[in-house]
Amino acid sequence: MSQLIALRIRMEVLEWSGAWWFLLTLVVQAVLGPLIGMFIWSAVYPADSYVATYYVALLLVTVMTESFEQHTFSEKIYDGTISHELLRPQPVVINTIGTNLAIRIWMAAMGIPVALLAGFAFGVSLTWTAVLSAVPAFVLGATLTFCWTFLLSLTAFWTERVHSIVGFGWTLNTLLGGTIAPLAFLPGPLRDIGQVLPFYGMLGLPADVAAGRVHGLAPVLTGLAYQAGWLTVIITCAVLLWRAGIRRYTVVGA
Amino acid sequence: MKLLRLFAAGFTRSAQATLTFRINLLFDIVLSIIGVGASLATVFIVYARTDSLAGWTEAETYVLIGTFQLLSSLKNAFIDPNLSWFPENGIRNGKLDTFLLQPAPTLYLASLARSTPLSLIQFVLGLAVITLGITKQGRPPAPGAILAWILTLIAALAVTWAMGVLLACLAFWAPRLQLDVFYGSAWELARYPTDIYRRPLRLVLTYLFPLTLIATIPTSTLLNGPRVLVLGPAVSGAILSCSLAVGCWRLGLRRYTGATS
Amino acid sequence: MTAVVVEDLYMTYRAPIRGSGWKETLSSVFNRRYREVPAVQNVSFALAPGEVVGFIGPNGAGKTTTMKILSGLLHATSGHVRVLGYSPWQRRSDFLRRIAFIRGSQPVGGSQELTVLDTLQYQRLLYDVPPADYRRNLDELTELLDLKDLLQRQLRALSLGEKMRAGLALSLLYRPEVMFLDEPTLGLDVTGATTMRRFVAGYAERAGATVLLTSHYMADVASLCPRLVLIDKGKVQYDGQLDQLAAKLSPYKLLRLTAPNADEERLKEAGEVVEASNGTWVLRVPREEVARTTARLLTELEVADLAVEEAPLEAVIDRAYREGVG
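Order-wise, the sequence lines are chains A, B and C.
Residues in the first sequence are numbered consecutively from 1, following UniProt numbering.
Residues in the second sequence are numbered consecutively from 1, following UniProt numbering.
Residues in the third sequence are numbered consecutively from 1, following UniProt numbering.
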């Protein structure tokens with residue numbers, strides 16, 4: 001299975017290399033939210049170096065975990081090409097994962113220079129130890145983002161408006177995941193809710209750990225536990241939704 | 001006159017088409033409300049921490065957000081459905097050829113003929129947000145300020161159209177360049193007072209790529225009353241950018257039809 | 001009076017030369033070099049009002065370029081072009097209202113979300129068709145093109161054949177006097193292509209319209225166009241009657257004979273064997289020897305059936321494309 005994914009990634013990385021201009025536009029869109037957040041909160045707290053450090057880390061996390069299953073997967077349902085994939089002797093999700101990782105590799109390659117530039121402009125210093133300690137949270141967060149977007153994209157079996165649904169998910173993500181404001185800046189009750197919901201685990205938690213904001217092991221472990229919990233829930237939902245969707249697809253036809 | 005009739009016909013047809021898909025309509029209304037809600041939530045979160053964002057109070061920022069909604073809605077309704085992805089749709093898929101052969105000005109057909117009336121929901125929401133901001137501030141603007149505000153909005157809309165046309169014109173010389181998305185992204189920068197951006201970027205946004213005009217200038221005009229020093233350049237800038245757009249479009253068409261050589 | 005006049009038409013595209021390596025790419029940014037690509041060279045022809053003419057040639061011969069020049073989409077590099085007395089490249093409204101350019105590859109432009117009827121009504125405003133004419137033309141087109149079931153449907157939901165019918169209706173609503181049809185039967189099935197041909201012929205006759213038609217399907221040309229203009233590598237190779245072209249290009253006829261006991265060696269002496277199956281043979285025989293060969297075969301062999309045929313148009317045209325018109 002991992003071999004299949006690796007093969008798929010290789011293919012997709014090569015295939016996307018021709019579309020570098022398009023990928024660049026995706027990077028610009030991804031980078032925008034964190035940059036605006038950085039400008040806003042730098043205007044509010046001009047002296048606090050945490051703001052810029054957090055947002056540079058968030059920018060990296062955002063660029064490296066972008067997911068576009070509403071395009072790469074749902075469109076296959078809409079135009080019926082998913083039928084070809086259903087006939088292959090491998091789970092359909094493998095291709096989706098391969099495409100996802102290939103796009104992320106390209107976006108990381110293009111996004112890291114932007115992050116460096118922003119970091120340089122705002123005088124940010126990320127420490128290696130903090131960045132390395134963020135790796136577990138980052139990996140779980142990246143998986144969580146993929147599973148969440150994929151879950152929303154599965155609604156394409158029932159509605160034509162999958163882009164709006166994913167857009168709604170994205171709004172929740174920027175609001176509660178830490179893009180509009182670092183979770184710590186949210187008003188009390190909203191912060192508590194944000195801590196529990198999966199969105200913080202997708203973006204804010206890895207960025208906070210990398211920015212050196214999370215002190216001690218206990219809060220990191222709590223965060224990882226939330227991530228793992230949500231991952232289980234979302235994957236279960238995705239599997240159920242996939243089964244129901246395929247049943248509907250094969251009954252109704254394309 | 002004929003253009004107005006054509007425009008009205010296109011708009012009515014699109015509106016009718018929209019109304020036939022009730023579920024989609026409902027969906028889009030709900031999403032627009034959520035979108036505005038998210039913007040408001042941002043302002044709420046910021047002002048829970050501070051009283052002033054780069055010199056703007058909470059009430060003022062609500063008016064700004066509302067104004068941004070108004071212009072975004074007009075852009076989405078009347079400009080984007082025509083000019084978005086112009087290199088792809090217009091040139092490579094041959095839509096421009098269709099327009100060139102129709103007996104009406106090609107620039108009108110390519111940049112204004114189609115519309116998505118549904119996006120005007122945002123317009124209503126924007127007005128509501130502005131009202132909210134003004135009520136919160138407790139100081140209703142004078143009629144003169146309102147007139148000047150409308151003038152700046154028209155200027156902003158004209159500049160938005162001109163920038164869209166200029167971007168589309170690039171496709172005549174570099175058909176592979178797809179700058180739309182960048183324009184859309186940059187547009188988002190206007191959602192907040194441009195005073196929050198640091199100096200080089202702020203100068204670019206004021207003079208070179210005038211996003212300040214989208215929300216910041218109209219809002220301060222509405223709240224603080226008209227200032228000749230702002231209105232004059234805004235209006236003349238709009239006229240200038242529109243003439244530039246028309247000129248570039250003509251040059252581009254001449255190149256497209258091979259009349260240059 | 002002529003409807004379309006083309007004299008000494010030249011069209012040359014300038015294509016930038018791009019190097020392969022990084023270095024060359026960079027240097028080409030500052031110092032662009034161009035290659036001149038001739039698309040149309042010294043083309044001249046004229047169409048009389050009401051004439052239906054086939055405009056044929058292999059891919060890349062310059063057909064579409066010529067049509068784009070005639071309809072006003074391209075500005076010719078040099079030469080004299082008049083369509084209904086106008087210079088097409090000026091694209092004046094009253095000129096555009098009198099012509100139609102229909103491409104089989106893009107039968108309908110504009111918004112795909114609207115219904116056919118909406119688009120027709122929009123077209124009425126755009127082309128200033130008086131309401132009375134609109135109703136009459138619409139009724140007629142609905143009848144002839146069998147549009148009744150299509151009117152309320154969205155353009156994007158139509159099949160290719162339906163799109164082509166809708167595209168024709170959109171263009172003929174304002175009754176153009178000159179029509180340029182570029183591959184109108186592209187991708188249509190047999191029924192669709194036949195409907196299309198019958199309709200174009202009918203319209204040209206009723207409205208007295210001038211039609212210039214390109215097609216890769218010789219059936220289109222053979223059934224619609226008494227006259228042919230054959231263009232290749234940007235130059236006119238032949239301009240005249242269809243049957244004369246066949247005679248000129250194909251100095252052979254085909255003899256189809258059924259002779260179960262014939263010996264292949266004997267037949268080979270009479271002419272080139274093109275086909276052979278189950279005692280039926282097809283021989284290619286020079287025109288002037290058809291009579292003599294037929295007589296000889298009939299006396300020498302036990303012939304059950306014999307027919308003399310013209311070479312199929314497809315083969316003739318293929319020869320013209322490959323070898324040129326001698």
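Just so it is clear, CB atoms sit at the ideal spot from N, CA and C, and this is done for glycine as well.
Note that the structure is predicted; figures quoted are calculated from it, not measured.
Uninterrupted beta strand (DSSP E) stretches inside the region 174–200 of chain C (no shorter than 3 residues): As far as the region 174–200 of chain C is concerned, its whole beta strand (DSSP E) runs of at least 3 residues are 178–182.
Where C/Ser277 sits in the DSSP three-state scheme: The residue labelled residue 277 of chain C in the question sits at position 277 within the third sequence. C/Ser277 falls in the strand class under three-state DSSP.
Residue environment, C/Glu7, which counts as buried when at least 16 other CB atoms sit within 10 Å: As a first step, residue 7 of chain C is located in the third sequence; it is residue number 7 there, counting from the start. The residue in question, C/Glu7, is exposed, as its Cβ has fewer than 16 Cβ neighbours within 10 Å.
Buried versus exposed, by CB contacts within 10 Å (16 or more), B/Met163: Here residue 163 of chain B is taken as the residue at index 163 of the second sequence, counted from 1. Buried: at least 16 other Cβ atoms inside 10 Å.
Beta-carbon contacts of C/Leu160 that lie in its chain and below 6 angstroms, excluding the five residues immediately before and after: Working through the third sequence from its first residue, we reach residue 160 of chain C at position 160. Within the same chain, Cβ atoms closer than 6 angstroms to the Cβ of C/Leu160 are found at Gly187, the five residues on either side in sequence being excluded.
Through-space distance from B/Gly35 to B/Lys95, alpha-carbon basis: Your numbering for residue 95 of chain B matches position 95 in the second sequence. Your numbering for residue 35 of chain B matches position 35 in the second sequence. Between B/Lys95 and B/Gly35, the C-alpha separation is close to 32 angstroms.
Boundaries of the beta strand (DSSP E) in which C/Pro38 is found, first to last residue: If you number the third sequence from 1, residue 38 of chain C lands on position 38. 34–47 is the span of the beta strand (DSSP E), which, as asked, contains C/Pro38.
Length of the line joining the Cα atoms of A/Ala254 and A/Thr159: For this step, residue 254 of chain A is matched to residue 254 along the first sequence. For this step, residue 159 of chain A is matched to residue 159 along the first sequence. The predicted position of A/Ala254 is uncertain, since its pLDDT is 43 and thus under 50; a value taken from the coordinates is nonetheless stated next. If you take the alpha carbons of A/Ala254 and A/Thr159, they lie about 13 angstroms apart.
N-terminal and C-terminal residue of the alpha helix (DSSP H) that C/Glu265 is part of: For this step, residue 265 of chain C is matched to residue 265 along the third sequence. C/Glu265 -> alpha helix (DSSP H) spans 264–270.
Beta-carbon contacts of A/Trp106 that lie in its chain and below 6 angstroms, excluding the five residues immediately before and after: By one-based count along the first sequence, residue 106 of chain A stands at place 106. Cβ within range, chain order: Trp16, Leu23.
Unbroken stretches of the alpha helix (DSSP H), 4 residues or longer, contained in the region 144–216 of chain B: If we require 4 residues or more, the alpha helix (DSSP H) runs fully inside the region 144–216 of chain B come out as 180–188, 199–203.
Backbone secondary structure at B/Ser261 - three-state DSSP: Locating residue 261 of chain B in the second sequence gives position 261, where the first residue counts as 1. Note that B/Ser261 scores 41 on pLDDT, short of 50, meaning its location in the model is unreliable and no value can be drawn from it.
The region 151–184 of chain B: positions lying closer than 9 angstroms to chain A by Cβ: Per Cβ criterion, the list reads Arg176, Leu177, Gln178, Leu179, Asp180, Val181, Phe182, Gly184.
Min CB distance B/Asp195 to chain A below 9 angstroms: What you label residue 195 of chain B is simply residue 195 of the second sequence in a count that begins at 1. Taking CB atoms only, B/Asp195 has a neighbour in chain A less than 9 angstroms away.
Three-way DSSP call (helix, strand, coil) for C/Met1 in this model: Walking along the third sequence from the start, residue 1 of chain C turns up at place 1. C/Met1: coil per DSSP, three-state reduction.
Cβ shell of B/Phe86 (< 7 angstroms), same chain only, five flanking positions each side left out: Numbered from its first residue, the second sequence carries residue 86 of chain B at position 86. Counting only Cβ-Cβ distances below 7 angstroms, and skipping sequence neighbours, we find Ala168, Ala171.
B/Gly10 versus C/Glu288, C/Gln121, C/Thr280, C/Val236, residue with shortest Cα-Cα distance: Residue numbering aside, residue 10 of chain B sits at position 10 when the second sequence is read from its first letter. Per the Cα distances, C/Gln121.
Interface positions of the region 48–70 of chain A facing chain B (Cβ-Cβ less than 8 angstroms), listed along the chain: The residues in question: there are none.
B/Tyr47: first and last residue of the uninterrupted alpha helix (DSSP H) it sits in: For this step, residue 47 of chain B is matched to residue 47 along the second sequence. Here the alpha helix (DSSP H) through B/Tyr47 covers 22–49.
Within-9 angstroms CB hit, B/Tyr62 to chain A: Taking the second sequence and counting its residues from 1, the one referred to as residue 62 of chain B is at position 62. No Cβ of chain A is located within less than 9 angstroms of the beta carbon of B/Tyr62.
Segment contact, 8 angstroms Cβ cut-off, at least three pairs: the region 174–184 of chain C with the region 99–107 of chain C: Counting Cβ pairs under 8 angstroms, three or more are found: they touch.
Own chain residues within Cβ distance below 6 angstroms of B/Thr219, not counting five before or after: By one-based count along the second sequence, residue 219 of chain B stands at place 219. In the same chain as B/Thr219, and ignoring 5 residues on each side of it, the C-beta atoms closer than 6 angstroms to its own belong to Val63, Leu64, Thr67, in chain order.
C/Asp239 in three-state terms, based on DSSP: On the third sequence, position 239 is the one that residue 239 of chain C refers to. When DSSP states are grouped into helix, strand and coil, C/Asp239 belongs to the strand group.
Chain B contacts from the region 143–174 of chain A (Cβ-Cβ distance under 9 angstroms): Taking 9 angstroms as the cut-off between beta carbons, the residues of the region 143–174 of chain A near chain B are Thr159, Glu160, Arg161, Ser164, Ile165, Gly167, Phe168, Thr171, Leu172, Thr174, in sequence order.
Whole-angstrom C-beta distance between C/Met164 and C/Pro107, which should lie under 8 angstroms: Counting from 1 along the third sequence, the entry for residue 107 of chain C is found at position 107. Counting from 1 along the third sequence, the entry for residue 164 of chain C is found at position 164. Correct: roughly 5 angstroms between the Cβ atoms.
C-alpha gap between C/Arg198 and C/Thr191, whole angstroms: Residue numbering aside, residue 198 of chain C sits at position 198 when the third sequence is read from its first letter. Residue numbering aside, residue 191 of chain C sits at position 191 when the third sequence is read from its first letter. Computed Cα separation, rounded: 11 angstroms.
Counted within 10 angstroms of its Cβ, other Cβ atoms place B/Ser261 as buried (16 or more) or exposed: Here residue 261 of chain B refers to the residue found at position 261 when the second sequence is read from its first residue. Bear in mind that a pLDDT of 41 at B/Ser261, under 50, signals an unreliable position, so the number given afterwards is only what the model happens to contain. In this structure B/Ser261 is exposed. Its beta-carbon is surrounded by fewer than 16 other beta-carbon atoms within 10 angstroms.
Proximity test, Cβ basis, 9 angstroms: C/Ser71 and chain B: Along the third sequence, read from residue 1 onward, the residue named residue 71 of chain C stands at position 71. For C/Ser71, the nearest CB of chain B lies under 9 angstroms from its own CB, placing it at the interface with that chain.
Per DSSP, cross-strand counterpart(s) of A/Pro198: For the purposes of this step, residue 198 of chain A is taken as the residue at position 198 of the first sequence. None; A/Pro198 has no bridge partner.
In DSSP terms, what C/Lys253 is bridged to: Walking along the third sequence from the start, residue 253 of chain C turns up at place 253. DSSP output for C/Lys253 lists C/Val285, C/Glu310 as bridge partner(s).
Where C/Gly202 falls: helix, strand or coil (DSSP): The count along the third sequence starts at 1 and reaches residue 202 of chain C at position 202. Three-state DSSP puts C/Gly202 in a helix.
Cross-chain neighbours of C/Asp118 in chain B, by beta carbon under 7 angstroms: Working through the third sequence from its first residue, we reach residue 118 of chain C at position 118. Counting only Cβ-Cβ distances below 7 angstroms, C/Asp118 has contacts in chain B at Arg13, in chain order.
Residue from B/Thr131, B/Lys136, B/Val159 whose Cα sits closest to the Cα of B/Ile146: Position 146 of the second sequence holds residue 146 of chain B. It is B/Thr131 whose Cα lies nearest to the Cα of B/Ile146.
Check whether C/Leu228 and C/Gly54 have beta carbons under 9 angstroms apart: If you number the third sequence from 1, residue 228 of chain C lands on position 228. If you number the third sequence from 1, residue 54 of chain C lands on position 54. At a Cβ-Cβ threshold of 9 angstroms, C/Leu228 and C/Gly54 count as neighbours.
Below-9 angstroms beta-carbon distance, B/Phe68 vs any chain C residue: Position 68 of the second sequence, counted from the start, is the residue given in the question as residue 68 of chain B. Taking Cβ atoms only, chain C never reaches closer than 9 angstroms to B/Phe68, which makes this a no.
Within 9 angstroms, strictly: CB atoms of C/Ala204 and C/Thr210: Taking the third sequence and counting its residues from 1, the one referred to as residue 204 of chain C is at position 204. Taking the third sequence and counting its residues from 1, the one referred to as residue 210 of chain C is at position 210. With respect to the 9 angstroms criterion, C/Ala204 and C/Thr210 are classified as neighbours on the basis of their beta carbons.
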